[in-house]
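Notes to accompany the following structure.
Protein chains: 2
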Amino acid sequence: MGRPREHDETTRARLLRVAGALVEAEGVEGLSLRRLARRADTTTRAIYSLFESKEGLLAAMYHEMAAAMAAHHEAVPVSEDVTEELLALALAYRASALLHPTLYPLMVLKGGAPLPEDVALARRGFERVVETFARGVRAGVFRRGAESMGRQLFALVHGLTTCELAGMLGARPKRAWREAVSAMLRGFAA
Amino acid sequence: MGRPREHDETTRARLLRVAGALVEAEGVEGLSLRRLARRADTTTRAIYSLFESKEGLLAAMYHEMAAAMAAHHEAVPVSEDVTEELLALALAYRASALLHPTLYPLMVLKGGAPLPEDVALARRGFERVVETFARGVRAGVFRRGAESMGRQLFALVHGLTTCELAGMLGARPKRAWREAVSAMLRGFAA
DNA sequence: CGATGTTTTGCAACGACGTTACGTTACAGT
DNA sequence: ACTGTAACGTAACGTCGTTGCAAAACATCG
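Chains as they are written, first to last, in the working numbering: chain A, 1 to 190; chain B, 191 to 380.
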């Protein structure tokens, strides 16, 4: 019963696309619901019907980003060389962050609380790292404490991402990534 | 000539104090010039006279933060054990960030461009780290590349800070700091 | 001592923002 | 056909950062 929705899935997709372009072009502060509605040729009411609020819109953008990162992570094959696998996982994180350079800060900083499903998504990626560490521990490559090492590696990876996006990682950022992650993994050796 | 300023240095200090309290209590988005003026019992015009704009106010807050961090850094004594000294420098960074937990994000994320003097201030701390690395290289403790290692250590330290402030560093954050920094430094060994 | 010039101040307004109340519209069920 | 219900577009509300403007407070000069 009631009037059928006119703001359908295609408008939703269009809004997400235009919002991404806006953020990409002018940063998070350049995204306003009114401008977004104008650019997407619809009304602010449509955004409220589809996303509930601005926070909901940002959560949906977060979801796209989290899904992209999860896809990059799952594309990394399981290897016998756990060090190589962890390095590949870190570089996959880097690649997905660099794919949406201005969208990445959305994940970390403000924009409100992400949806539980997206937290679970991010957690899955983290647990993949912890499991890889655990395999390394069992193989005698690393010392004990897979979860601690996973947390610390994540801190490094996040810091590297932030620094690279800020242009503070020097002329050869990928090399810096390799060196930093390798150094930490060497330091984790049993 | 001209009307003498009534908005003096004490109002400026009070505004900075109240602004810090506001950010501390409700985050960066809770800081509005009108609320700040009301809480500090003055007018928005005073803020504009003293800080030029909201960005100028944030830059002044950034300056306080940067000065506190520099003080913490300079309090770390030069040691013959470069590894110990770098660990102490990292923990000094942590201590100053934890002193103003909600002010720290101001330094990294938005708020606009910090003043050149504050960039220089932050740069001095970074160069202290690079020099310590260089001493370690000369002593045969680390491999070559003092500046690269400094950048990578900074990325780790910043990532650890962000993660700890987000509560993602587990139950023993200081221990995680020690382990992570030590691991990276071990990995940098010659 | 009064007139003038210059700078700061308080106040009110401007445009833009996120959000919401409201009257209208379009359908489902009777 | 009538009524109830849900989604719609429009217009407003309150807040934000910022700015124009007239009044105010001094220094300087006639």
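Think of the CB as a built atom: it goes at the ideal place given N, C-alpha and C, for glycine as much as any other residue.
Residue i and residue j look like a contact to me (Cβ under 8 Å); what is the Cβ gap, rounded to whole Å?
i: A:Gly150; j: A:Val137; result: Incorrect: roughly 11 Å between the Cβ atoms, too far for contact.
i: B:His253; j: B:Leu305; result: 7 Å
i: A:Leu165; j: A:Tyr104; result: 6 Å
i: B:Leu346; j: B:Ala370; result: 6 Å
i: A:Met107; j: A:Met65; result: 6 Å
i: B:Phe332; j: B:Phe323; result: 6 Å
i: A:Ala19; j: A:Leu31; result: 6 Å
i: B:Leu375; j: B:Ala366; result: Not really, about 15 Å apart at Cβ, beyond 8 Å.
i: A:Ile47; j: A:Leu33; result: 5 Å
To the nearest angstrom, how far is it from the Cα of residue i to the Cα of residue j?
i: A:Gly111; j: B:Arg193; result: Note that A:Gly111 scores 45 on pLDDT, short of 50, meaning its location in the model is unreliable; the coordinates nonetheless yield the value given after this. Using only the alpha carbons, I get a separation of about 44 Å.
i: A:Glu9; j: A:Arg124; result: 27 Å
i: B:Arg334; j: B:Leu350; result: 25 Å
i: A:Glu6; j: A:Met61; result: 22 Å
i: A:Thr42; j: A:Glu29; result: 20 Å
i: A:Pro77; j: A:Glu85; result: 8 Å
i: B:Pro291; j: B:Leu277; result: 20 Å
i: A:Leu22; j: A:Ala40; result: 11 Å
i: B:Ala215; j: B:Ala380; result: 46 Å
i: A:Lys174; j: B:Ser239; result: 46 Å
i: B:Ser338; j: B:Phe378; result: 11 Å
i: A:Met69; j: A:Phe154; result: 14 Å
i: B:Gln342; j: A:Ala122; result: 24 Å
i: B:Thr352; j: B:Arg228; result: 32 Å
i: B:His262; j: A:Ala171; result: 30 Å
i: A:Ala67; j: A:Ala146; result: 25 Å
i: A:Glu80; j: A:Ala97; result: 26 Å
i: B:Ser372; j: A:Glu117; result: 35 Å
i: B:Gly217; j: A:Arg178; result: 35 Å
i: A:Glu74; j: B:Phe241; result: 49 Å
i: B:Arg325; j: B:Val272; result: 7 Å
i: A:Gly140; j: B:Leu281; result: 30 Å
i: B:Lys244; j: B:Thr234; result: 10 Å
i: B:Arg207; j: B:Gly357; result: 26 Å
i: B:Leu226; j: A:Leu89; result: 45 Å
i: B:Glu321; j: B:His348; result: 19 Å
i: A:Arg11; j: B:Leu205; result: The identity of residue 11 of chain A in the sequence shown is Thr, whereas the question assumes Arg. So the alpha carbons of these two residues sit roughly 45 Å apart.
i: A:Gly56; j: B:Ala285; result: 35 Å
In terms of DSSP beta bridges, what is residue i paired with?
i: A:Ala189; result: A:Phe142
Over what stretch of residues does the alpha helix (DSSP H) that includes residue i continue unbroken?
i: A:Arg172; result: Looking at the DSSP string, A:Arg172 is not in any alpha helix (DSSP H), and its letter there is neither H nor E.
i: A:Glu80; result: Element bounds for A:Glu80: n/a, residue is neither H nor E.
i: B:Ala215; result: Glu199 to Glu216
i: A:Ala46; result: Thr44 to Phe51
i: B:Leu223; result: Leu223 to Arg229
Chain-ordered residues of the stretch 142-159 of chain A with a beta carbon less than 9 Å from chain B: If the cut-off is 9 Å between Cβ atoms, the stretch 142-159 of chain A has Gly145, Glu147, Ser148, Met149, Arg151, Gln152, Leu153, Phe154, Ala155, Leu156, Val157, His158 and Gly159 near chain B.
Against chain A: residues of the stretch 360-371 of chain B by CB proximity under 7 Å: From the stretch 360-371 of chain B, only Gly360, Ala366, Glu369 and Ala370 have a Cβ closer than 7 Å to chain A.
Members of the stretch 305-327 of chain B near chain A, C-beta cut-off 8 Å: So nothing in the stretch comes that close.
Near-chain A residues of the stretch 244-258 of chain B (beta-carbon distance less than 7 Å), N- to C-terminal order: Correct list: empty, as no residue qualifies.
Chain A contacts from the stretch 202-217 of chain B (Cβ-Cβ distance under 7 Å): Within the stretch 202-217 of chain B, no residue has a Cβ that lies closer than 7 Å to any Cβ of chain A.
Contact list for the stretch 27-52 of chain A against chain B, Cβ threshold 9 Å: If the cut-off is 9 Å between Cβ atoms, the stretch 27-52 of chain A has Gly27, Val28 and Glu29 near chain B.
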